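Each step along the sequence shown adds one to the number in full-length UniProt numbering, with nothing skipped, and position 722 is 722. Where a beta carbon is used, it is the ideal one built from N, C-alpha and C, also for glycine. Predicted, not measured: the structure shown is a model, and the values here were computed from it. Report on the following structure.
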Amino acid sequence: MMRQYELVERVQAYNPNADEQLLNKAYVYAMQKHGSQKRASGDPYFNHPLEVAAILTELKLDDASIAVGLLHDTIEDTDATRAEIDQMFGGEIGTIVDGLTKIERLNLVSREEAQAENLRKLLLAISQDVRVLLVKLADRLHNMRTLQFMAPEKQRRIAQETMDIYAPLAGRMGMQDMRNELEDLSFRILQPDHYKAITARLEQMQADNRETIDTITAELTERLAEAGIAARVKARVKSPYSIFSKIERKSIALEQLSDMIGFRVIVGSTEECYRTVGMIHTTWKVVPGRFKDYISVPKHNDYQSIHTTIVGPSRQRVELQIRTEDMDRIAEFGIAAHALYKDGASANLGRIEMESHAYGSLRQTISHLTSGISSEDFLEYTKLELFQDQVFCFTPRGRLIALPRGATPIDFAYALHTDIGDTCVGAKINGLILPLVTQLRSGDEVEILRDQNHRPPSNWIGIAATGKARAAIRRAVRQAAAQRAHALGEHVLNMMLEREGVMLDESEGKALAEALEQQSKRDLLVAVGEGKIGSEALAAALAQVKGIRKRRRKLDLPVADTADGWFALRGSDQFRFRVPGGQRSGPRAKAALAQLDFHTPVTVSGEGIVPGDRLVGILEPDNPLTVYPIHSDALIAKHDSDVAWVDVRWNLTRSDEKLYPTVISMESVNRPGSLAQISSAIAACDANINNLVMRMISPDFHQMIFEIEVRDLAQLTDVLATLKRSPGLSAVQRAGLREAGMISTLEWDGSVDRSARDG
Numbered sequence: 001m002m003r004q005y006e007l008v009e010r011v012q013a014y015n016p017n018a019d020e021q022l023l024n025k026a027y028v029y030a031m032q033k034h035g036s037q038k039r040a041s042g043d044p045y046f047n048h049p050l051e052v053a054a055i056l057t058e059l060k061l062d063d064a065s066i067a068v069g070l071l072h073d074t075i076e077d078t079d080a081t082r083a084e085i086d087q088m089f090g091g092e093i094g095t096i097v098d099g100l101t102k103i104e105r106l107n108l109v110s111r112e113e114a115q116a117e118n119l120r121k122l123l124l125a126i127s128q129d130v131r132v133l134l135v136k137l138a139d140r141l142h143n144m145r146t147l148q149f150m151a152p153e154k155q156r157r158i159a160q161e162t163m164d165i166y167a168p169l170a171g172r173m174g175m176q177d178m179r180n181e182l183e184d185l186s187f188r189i190l191q192p193d194h195y196k197a198i199t200a201r202l203e204q205m206q207a208d209n210r211e212t213i214d215t216i217t218a219e220l221t222e223r224l225a226e227a228g229i230a231a232r233v234k235a236r237v238k239s240p241y242s243i244f245s246k247i248e249r250k251s252i253a254l255e256q257l258s259d260m261i262g263f264r265v266i267v268g269s270t271e272e273c274y275r276t277v278g279m280i281h282t283t284w285k286v287v288p289g290r291f292k293d294y295i296s297v298p299k300h301n302d303y304q305s306i307h308t309t310i311v312g313p314s315r316q317r318v319e320l321q322i323r324t325e326d327m328d329r330i331a332e333f334g335i336a337a338h339a340l341y342k343d344g345a346s347a348n349l350g351r352i353e354m355e356s357h358a359y360g361s362l363r364q365t366i367s368h369l370t371s372g373i374s375s376e377d378f379l380e381y382t383k384l385e386l387f388q389d390q391v392f393c394f395t396p397r398g399r400l401i402a403l404p405r406g407a408t409p410i411d412f413a414y415a416l417h418t419d420i421g422d423t424c425v426g427a428k429i430n431g432l433i434l435p436l437v438t439q440l441r442s443g444d445e446v447e448i449l450r451d452q453n454h455r456p457p458s459n460w461i462g463i464a465a466t467g468k469a470r471a472a473i474r475r476a477v478r479q480a481a482a483q484r485a486h487a488l489g490e491h492v493l494n495m496m497l498e499r500e501g502v503m504l505d506e507s508e509g510k511a512l513a514e515a516l517e518q519q520s521k522r523d524l525l526v527a528v529g530e531g532k533i534g535s536e537a538l539a540a541a542l543a544q545v546k547g548i549r550k551r552r553r554k555l556d557l558p559v560a561d562t563a564d565g566w567f568a569l570r571g572s573d574q575f576r577f578r579v580p581g582g583q584r585s586g587p588r589a590k591a592a593l594a595q596l597d598f599h600t601p602v603t604v605s606g607e608g609i610v611p612g613d614r615l616v617g618i619l620e621p622d623n624p625l626t627v628y629p630i631h632s633d634a635l636i637a638k639h640d641s642d643v644a645w646v647d648v649r650w651n652l653t654r655s656d657e658k659l660y661p662t663v664i665s666m667e668s669v670n671r672p673g674s675l676a677q678i679s680s681a682i683a684a685c686d687a688n689i690n691n692l693v694m695r696m697i698s699p700d701f702h703q704m705i706f707e708i709e710v711r712d713l714a715q716l717t718d719v720l721a722t723l724k725r726s727p728g729l730s731a732v733q734r735a736g737l738r739e740a741g742m743i744s745t746l747e748w749d750g751s752v753d754r755s756a757r758d759g
């Protein structure tokens, strides 16, 4: 265990003016508070905060950070309080320690929720003071170094959390050395066989190529000296996890990797970096496509360097990284290089944010992530937003947009502004109109095409790669669904009011909502539109609010009248029927109605009827009662006929989960991926495709007829609305009877086209 004076000496080695009294007091306080506590290894618990403080001294952090390293577990694991820490060490240190303390005693239903809320608190604290992040990473690093003393299951859980959150967060802040160690420690636990194989291969390569490494190092140094460039050349070995990731990403064997060992060339200035590149490229052959200039366009974590690959001595590929001393320090220590002790001053948040683009970007991202996202989405969005490698794209005006690898124009649009994302209908990538599912690459110029009447379809959620885009799409989809439900609910209520001949003022609207346990009239209408409140319950509540007496219609029929005049017939439990008095004038109609009773059979005319369609029943003597959709062409011939017209409505009290086939048609631009786009849009609305017929109507367009299965008219309306908003589709509509016939016969005016089907 490191002694008190040894810790002070470590700090004074890089900060001669260190506050020795503060460090001694924090050392003694933490040791007393942790007392006889033991770790899983059997070591005194105080050894852990002491090692965390030692890691922070390696980063050359200020006195307050070292003190926090000693105190970081006192509030969480001892009887120490925030007030006591504030009193003894000041509010600045108290705030950082509190930011590192996990949330306890929350009414959380799962480990994921607890993890999300603790991460949310940690990120908020990081956005206020970067030292929270540095201490937390040092804490996690020491925990990972001693993880072997934990139970195997707990080892895997902590290692996975480290791999998912803390290692990528260190990388986001440019702390590459710490990221590599965290990843390798996690990799060793999560994939022990792969870890052993790769480390063994690395050891063998270093032993086999030691002479080659020395030769390349010496020759590079000599050639640079001849060019008048003082350079420091050092070989580097890639970390086991980075090698594993490359193997997985490129689907190649370990033996095929040729760049497990690379070289760094450290020079004195940016100008010398480019001079070095010129000298190297004129001396050795360059491997095409392997040059990257991160000095001109730094990475999101402030990383700067020039990467190139040459065919060097012995005809081997040599990977080079060329940078200055400052760039090298930032590449290794990242944000810590900005936060370290400078000129006798503690880390200053404003200065760090100004110097470190990575930290400023992180604070903006945290602000977005921690505002209004539920716990169930928070972890997913955090990983998407914070922890992915990035590509850099440009607007037509040259604005640089950083996006995670795998991002699409949809993500690009939402990165510009939420309104731009919501109204995006297409994109030009490098001047060409390409599908919105196209993955962007670094250097792409992207122009977003917009339509102010457009709203994002729900299937975009599966296309977007950023948390910001997914959150905005889900919000827009929910709003659109609520608006549709509100309009439908308002229509239902207005029809009731018109039928009863009454109006509803503001106070009565509020009373109606309260009667049905809704917060407002708008909530009531949305609930009605969503089917959560049935028309019968709404009618009963309306009658109560307006004092309407429930009227019973006496039917001159040999059937028992029900309370509201509706009844069911044989084999028709999905429908209910009512006979209006004014529709029985003709003798045939009267004769038909005289025969009507509960045993009258029912038939349905026309396929594709779904619950919610407006229906009408036609009754003739000695015939079944036939149900038609109100838009049926067959009803035209019945207008002047002496038949009985019977009101029909769906029996919404049935609780079965039956699906109803119906047919829709559309015209689609003839391009790759259009069928997949349509299928995805239909699937996103939870509808199922039974059959498909398509034909080419011009070189650029196909006409498509889909037979789909839906629960009701509301779901069908959602499908049609989603397709209408999809780019490249037009004339989206519910198919007529002729087109419906085509889906069953696969005939188009006598010809057959089976070019595409989807079962």
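Are at least three pairs of beta-carbons, each pair with one atom in the stretch 423 to 432 and one in the stretch 466 to 479, less than 8 Å apart?
The stretch 423 to 432 vs the stretch 466 to 479: no contact.
Would you call Arg317 buried or exposed, if buried means 16 or more other Cβ atoms sit within 10 Å of its Cβ?
By the 10 Å Cβ count, Arg317 comes out exposed.
Between Ala676, Ile609 and Val643, which lies nearest to Trp650 when the distance is taken from Cα to Cα?
Measuring from the Cα of Trp650, the nearest candidate turns out to be Ile609.
Rounded separation between Glu76 and Asp86 - CA only:
Glu76 and Asp86: Cα-Cα distance of roughly 15 Å.
In the DSSP assignment, find the unbroken alpha helix (DSSP H) run with Pro168 in it and report its ends.
In this chain, the alpha helix (DSSP H) harbouring Pro168 covers Ala167 to Arg172.
Does the separation of the CB atoms of Ile276 and Ile330 fall below 8 Å?
The sequence as given places Thr at residue 276; Ile does not occur at that position. No, Cβ-Cβ distance for Thr276 and Ile330 is not below 8 Å.
Give the C-beta separation of Leu516 and Ile533 to the nearest angstrom, bearing in mind that I take them to be a contact with Cβ-Cβ under 8 Å.
Confirmed, Cβ separation roughly 6 Å.
What's the C-alpha gap between Tyr14 and Lys60?
For Tyr14 and Lys60, the distance between alpha carbons rounds to 7 Å.
Report the three-state DSSP secondary structure of Tyr341 (helix, strand or coil).
Its pLDDT being 41, under 50, Tyr341 is placed unreliably in this model, and the value from its coordinates should be taken loosely. Tyr341: coil per DSSP, three-state reduction.
Is the Cβ-Cβ distance between Val437 and Gly673 less than 8 Å?
Yes, the Cβ-Cβ distance between Val437 and Gly673 is below 8 Å.
Reduced DSSP category for residue 764 - H, G, I as helix; E, B as strand; rest coil
The requested residue 764 is not part of the displayed model; the chain covers only 1 to 759.
Determine the closest residue to Lys521 out of Val710, Ala541 and Gln595, with distance taken between C-alpha atoms.
Per the Cα distances, Ala541.
Considering Cα atoms alone, identify which of Thr395, Ala589, Arg399 and Ala427 is closest to Thr408.
Sorting Thr395, Ala589, Arg399 and Ala427 by C-alpha distance to the C-alpha of Thr408 places Ala427 at the top.
Provide the residue(s) that pair with Pro661 in DSSP beta bridges, ordered along the chain.
Answer by DSSP bridge pairing, in chain order: Glu709.
Using DSSP bridges, identify the partner residues of Thr308.
Beta-bridge analysis with DSSP links Thr308 to Leu320.
Beta-carbon within less than 8 Å of Asp451's beta-carbon, same chain only, minus the 5 sequence neighbours each way: which residues are those?
Within the same chain, Asp451 has close Cβ partners Thr423 and Val425.
Return yes when the C-beta of Leu202 is under 7 Å from any heavy atom of the ligand NAP, and no when it is not.
No copy of the ligand NAP occurs in the structure displayed, which carries no ligand at all.
Buried or exposed: where does Gly42 fall if 16 or more other Cβ atoms within 10 Å of its Cβ makes it buried?
Its Cβ having fewer than 16 others within 10 Å, Gly42 is exposed.
Measuring alpha carbon to alpha carbon, tell me which of Ser632, Tyr303 and Arg441 ends up nearest Phe392.
Nearest C-alpha to Phe392 among Ser632, Tyr303 and Arg441: Arg441.
Contiguous alpha helix (DSSP H) assignments of at least 4 residues, all confined to the stretch 202 to 237
Qualifying alpha helix (DSSP H) stretches, in chain order: 210 to 226.
Would you report the Cα separation of Ala589 and Asp597, rounded to the nearest angstrom?
One C-alpha to the other measures close to 14 Å.
Going by CA-CA distance only, name the one from Ile461, Met150 and Ile295 that's closest to Ser680.
Ranked by Cα distance from Ser680, the first of Ile461, Met150 and Ile295 is Ile461.
Could you give the DSSP three-state label for Leu403: helix, strand or coil?
Strand, per DSSP.
Identify whether Trp645 lies in helix, strand or coil by the three-state DSSP scheme.
In this structure, Trp645 counts as strand in the three-state DSSP scheme.
Could you tell me the distance, in whole angstroms, from the CA atom of residue 761 to the CA atom of Asn301?
Shown here, the chain extends from 1 to 759; a query on residue 761 therefore has no answer.
What is the residue span of the beta strand (DSSP E) that Ile448 lies within?
Counting along the chain, the beta strand (DSSP E) containing Ile448 begins and ends at Val446 to Arg450.
Please report how far the alpha carbon of Glu6 lies from the alpha carbon of Ala53, in whole angstroms.
In this model, Glu6 and Ala53 are separated by some 11 Å (Cα to Cα).
With 16 as the cutoff for other CB atoms within 10 Å, does Asn494 come out buried or exposed?
When all chains shown are included, Asn494 counts as exposed.
For Trp460, does the three-state DSSP call read helix, strand or coil?
In this structure, DSSP gives Trp460 a helical state, which the three-state scheme calls helix.
Could you name the residues of the same chain whose beta carbon sits closer than 7 Å to that of Gln4, not counting the 5 residues immediately before and after it, in chain order?
Taking Gln4 as the centre and dropping the five residues before and after it, the same chain places the C-beta of Asn24 and Tyr27 closer than 7 Å to its C-beta, in chain order.
Three-state class that DSSP yields for Thr600 in the structure shown
Correct three-state label for Thr600: coil.
How big is the Cα-Cα spacing for Phe244 and Ile189?
Distance between the alpha carbons of Phe244 and Ile189: 14 Å.
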